[in-house]
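Each remark here refers to the structure printed beneath this line.
Residue numbers (my numbering): 333 to 582.
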């Protein structure tokens, strides 16, 4: 029943944020200015070469995971196919803590994750190229006709596979919530990893895409921990999470 309730809540959130006539939300600035952002194109390894052992391992992983479509793990992977709003992504993690976190009881946390998401997108932009500009083809594009999760974004096949933004987002949430609620750290970090691996299960990314996205985001988290505003928000978000956990225990 709890799983059904979480699913219904997620659907309601997604419908609310996609309703016709909703005023456009201006882009959310991140914590880092363009001059401060990391330049991952200088140090992130490129996607595996077509004839490399890494590419062969990626292809093998794609075919090996096709049997997961239609299983509970495949259903979980499909449910993980969400990048926003922040409340919807939070639902993929906070059930492990026994609470629901949203803009009512955790406004600073949601705002903080919005800003981190903006930083992540800016961070990956130089290397995550569309396929028409040399970006890596996604596995379901390279090998059509194989089972995959339903496509929620029609133009997904036109976007580059490397690195994985979803994987980075999963690590952002897992690592941040683990810092705010360390008593749940093991479960939250494992969920952050699984969130990224869901993209492999779905057939939307290769394992090397996932690792690259996670690596880029780990570097981002290290950088923002030197930002005074982020640290201020982190303190307030910790209070919000603690209050929500205390309320859930009553």
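All C-beta atoms in this analysis are idealised placements derived from N, C-alpha and C, irrespective of residue type, glycine included.
With contacts defined by Cβ atoms closer than 8 angstroms, residue 494 and residue 379 form a contacting pair. Residue 468 counts as buried, since at least 16 other C-beta atoms from the protein chains shown sit within 10 angstroms of its C-beta.
With respect to residue 446, residue 418 sits close: the two C-beta atoms are nearer than 8 angstroms. Between the stretch 493–510 and the stretch 536–548, the count of C-beta pairs closer than 8 angstroms reaches three or more; the two stretches touch. Counting only runs of 4 or more residues that sit fully inside the stretch 376–453, the alpha helix (DSSP H) segments are 385–396, 404–411 and 418–426, in chain order. The C-beta of residue 539 has 16 or more other C-beta atoms within 10 Å across all chains shown, which makes the residue buried. With contacts defined as CB atoms closer than 8 angstroms, residue 523 and residue 428 qualify as a contacting pair. Assigned with DSSP and collapsed to three states, residue 533 falls in helix. Cβ-Cβ distances below 6 angstroms link residue 479 to 398 and 401 in the same chain, with the five nearest sequence neighbours on each side left out; the list follows chain order. A direct Cα-Cα distance of roughly 14 angstroms separates residue 384 from residue 393.
Within the model, the alpha-carbon separation for residue 440 versus residue 415 is close to 18 angstroms.
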